[in-house]
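All remarks here apply to the structure that follows.
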Amino acid sequence: MYGEVFEGRFLEATERLYGEEGQRLLQEAEVPAYLQHVERRLNEEQERLLYYLDHSTKKALIGCVERQLLGQHLGPILQKGLDQLLDDNRDLGLMYSLFARVKDGLPMLCTHFNHYVKKRGRVIVSNPERDRSMVQELLDFKDQMDQVVNHCFHRNEKFVNSLKEAFEYFINQRPNKPAELIAKFVDSKLRAGNKEATEEELERLLDKIMVLFRFIHGKDVFEAFYKKDLAKRLLVGKSASVDAEKSMLCKLKQECGAAFTSKLEGMFRDMELSKELMLAFRQQQRRERLELTVSVLTMGYWPSYPPQEVALPAAMVRHQELFRRFYLAKHSGRKLQWQPSLGHCVLRASFPGAGGPKELQVSLFQALVLLCFNKTEGPIGLAELSEQTRLEDGELRRTLQSLACGKARVLQKEPRGREVQDGDQFVFNADFRNRLFRIKINQVQMRETPEEQSSTQERVFQDRQYQIDAAVVRIMKMRKSLTHNLLITELYDQLKFPVKPTDLKKRIESLIDRDYLERDKDNPNLYHYVA
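So for the sequence shown, full-length UniProt numbering puts the first residue at 1; every next one is plus one.
Have a look at this one:
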């Protein structure tokens with residue numbers, strides 16, 4: 001009687017009621033209010049079942065509510081409200097639990113979540129005006145989305161993987177720049193003077209940075225900029241912690257293998273060997289009042305620095321010669337090439353208005369400029385300073401800017417201004433005052449010049465060309481003959497950085513010109529290896 005007379009009509013009426021209610025409320029209410037209404041309706045029907053209906057009606061009745069209030073409106077609910085819920089981080093757990101009740105609910109939620117992450121991520125990565133804050137924004141966004149997946153989406157594996165896929169997609173939409181900026185962000189955290197974090201906090205931050213690093217395809221770009229900055233931290237003595245440096249190196253090694261970090265590890269070995277070498281040198285020269293410290297670097301490990309010939313003071317030249325003889329006596333046949341760009345010095349200076357002597361921690365280039373003012377009390381022009389120091393023009397202007405226009409103005413510039421112009425004159429600032437005894441002016445060495453950035457990018461480009469050439473020759477040597485498309489496919493499998501088909505085609509043409517390959521006479525799309 002219950003099933004034949006009542007149940008069918010009751011379910012039809014319920015279906016109509018919730019069908020109309022769903023259409024109306026979705027138009028009128030915001031998504032959070034709509035989801036709360038659906039939850040309330042489900043609870044009401046559960047209560048009705050408990051007190052008024054037979055238990056056998058439960059499946060059909062609850063299915064009716066789910067179908068009419070949720071299943072029929074999955075797309076509109078997501079399109080109307082998911083972005084706002086994710087922005088505000090609210091009611092996402094409720095949405096997940098409700099969508100889990102209906103067919104295709106979670107797959108649709110996962111797809112829309114993926115689209116949201118890609119859209120938000122592209123905004124962070126693609127705008128050059130946000131480059132200064134890009135990495136911190138990416139870390140914050142990743143934290144926010146991890147919270148959503150872990151707590152609201154119950155660490156559902158499909159959502160975990162969807163989040164990873166979305167990050168990997170958008171972070172590589174702008175080739176090379178995120179990798180460069182992540183390397184520079186790590187540099188800012190590993191430098192001396194970074195008092196933002198304890199060792200434990202720094203370790204956790206490095207772990208989070210490694211998560212972003214995993215998403216990057218062009219890891220060679222990261223390596224190039226990381227190596228350049230590591231070199232400066234080690235050589236200028238600006239590394240905050242050897243333990244933190246080695247921890248980061250260990251993380252990179254675990255992620256990318258020993259080949260990726262072999263040169264970086266070589267840099268640390270060079271620094272350790274240089275300390276031992278200096279102990280032996282000072283022991284041998286203990287009668288000399290030596291104030292020279294030399295780092296001997298293996299050329300293959302370190303970034304390449306353009307050779308520069310500068311005019312060194314006679315005392316420094318004499319000490320250099322003492323070290324050269326000492327080193328070559330131990331290692332005959334080797335060649336020493338001095339690199340002044342990352343040298344640094346401590347100068348003792350007397351300023352009449354400063355109330356006593358000061359020690360200036362300066363770059364070698366700053367020292368060369370300042371020592372020129374020992375010879376005269378009058379002003380010295382840009383051209384004369386160039387002649388006395390033999391510094392390259394751009395380097396000289398940057399150095400003078402740091403000494404006359406920065407915070408510690410040990411020189412005065414006439415006329416005043418932020419830029420160094422051709423006719424400018426410079427004079428020793430006798431009125432210089434500073435409460436500190438040792439004053440650091442060599443932060444200019446840690447700044448990246450446009451030339452350095454361009455040089456690092458060019459080095460990555462050249463390395464990639466060599467790797468493409470080597471991969472083509474390796475494949476063709478093994479296969480002997482291959483069509484163009486098959487060769488391109490194999491190259492994509494072997495190369496570990498993003499590359500365009502046009503770039504591969506240029507390298508293949510270059511190898512044909514250099515007689516490593518030849519085209520088939522009858523089929524121009526077929527290549528043969530030339531033994």
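We treat Cβ as the ideally placed atom computed from N, Cα and C, and that holds for glycine.
Are the CB atoms of residue j and residue i within a distance shorter than 9 Å?
i, j, result
"Y226", "D187", "yes"
"residue 532", "L370", "Residue 532 lies beyond the residue range present for the chain, which begins at 1 and ends at 531; the question has no answer from this structure."
"Q443", "A471", "no"
"S162", "N127", "no"
"K413", "D424", "yes"
"E39", "L94", "yes"
"residue 532", "I468", "As displayed, the chain neither begins before 1 nor continues past 531, which places residue 532 out of reach and without an answer."
"A430", "G353", "yes"
"Y529", "K496", "no"
"V31", "D91", "yes"
"S247", "E203", "yes"
"R397", "V420", "yes"
"Y527", "L487", "yes"
"A311", "R390", "yes"
"V135", "F185", "yes"
Apart from the five residues just before and just after residue i, which ones in its own chain have a Cβ nearer than 7 Å to its Cβ?
i, result
"Q308", "P340, S341, E392"
"I512", "E518, R519"
"M1", "Caution applies to M1, whose pLDDT of 48 falls short of 50 and renders its modelled position unreliable; the model cannot decide the point."
"L292", "H319, F323"
"T456", "A224, F225, K228"
"E168", "F215"
"K251", "L206, M210"
"W302", "A231, M267"
"K189", "L202, L205"
Can you list, in chain order, the residues of its chain with a C-beta nearer than 8 Å to that of residue i? Leave out the 5 residues immediately preceding and following it.
i, result
"I216", "I171, N172, P178, A179, I182, F222"
"G105", "L70, G71, L74, L98, F99"
"E451", "G394"
"Q284", "F326"
"R409", "L403, N429, F432"
Have a look at the options and flag the residue whose alpha-carbon is nearest the alpha-carbon of residue i.
i, options, result
"N374", "E509, V427, G333, M316", "V427"
"R325", "L336, A258, K477", "L336"
"E377", "S363, F365, S402, F351", "F351"
"F432", "L411, I441, R514, P415", "L411"
"E321", "Y34, L290, H484, A349", "L290"
"K232", "H344, R514, D515, L504", "H344"
"L264", "V294, T298, Q285, R459", "T298"
"E165", "Y34, K119, N89", "K119"
"V160", "D143, R174, P175", "D143"
"P441", "T449, T399, I475, L482", "The question names Pro, but residue 441 is Ile in the sequence shown. Looking at the Cα atoms, T399 is the closest of the given residues."
"Q462", "K208, F260, G257, D220", "D220"
Which first and last residues belong to the beta strand (DSSP E) in which residue i is found?
i, result
"S332", "Counting along the chain, S332 falls outside any beta strand (DSSP E), and DSSP gives it neither H nor E."
"S481", "481 to 483"
"Q425", "425 to 428"
"R204", "Unbroken run through R204 is the alpha helix (DSSP H), 199 to 215; no beta strand (DSSP E)."
"E518", "517 to 519"
"K375", "Run containing K375: none; DSSP gives neither H nor E here."
"I439", "438 to 440"
"E414", "411 to 414"
"R348", "344 to 351"
Determine the extent of the alpha helix (DSSP H) in which residue i is found, giving its start and end residues.
i, result
"H115", "105 to 126"
"V362", "Premise fails: V362 lies in the beta strand (DSSP E), 356 to 363, not in any alpha helix (DSSP H)."
"S402", "393 to 404"
"K505", "501 to 513"
"K189", "177 to 190"
"Y527", "Y527 -> not in any alpha helix (DSSP H); beta strand (DSSP E) instead, spanning 526 to 529."
"Y96", "92 to 99"
Can you name, in chain order, every residue of its own chain whose Cβ lies under 6 Å from the Cβ of residue i, other than the five neighbours on each side?
i, result
"Y116", "D83, L86"
"K158", "C110"
Is residue i near the ligand ATP, in the sense that its beta carbon is under 8 Å from a heavy atom of that ligand?
i, result
"K500", "With respect to the ligand ATP, the structure offers nothing, as it holds no ligand at all."
Please report whether the beta-carbon of residue i lies at a distance below 9 Å from any beta-carbon of chain D.
i, result
"E395", "Protein chain content of the structure displayed is limited to a single chain, and chain D is not contained in it."
Inset, instruction - Would you check if the segment 232 to 243 and the segment 276 to 294 touch, i.e. whether three or more CB-CB distances between them fall below 8 Å? - result: no
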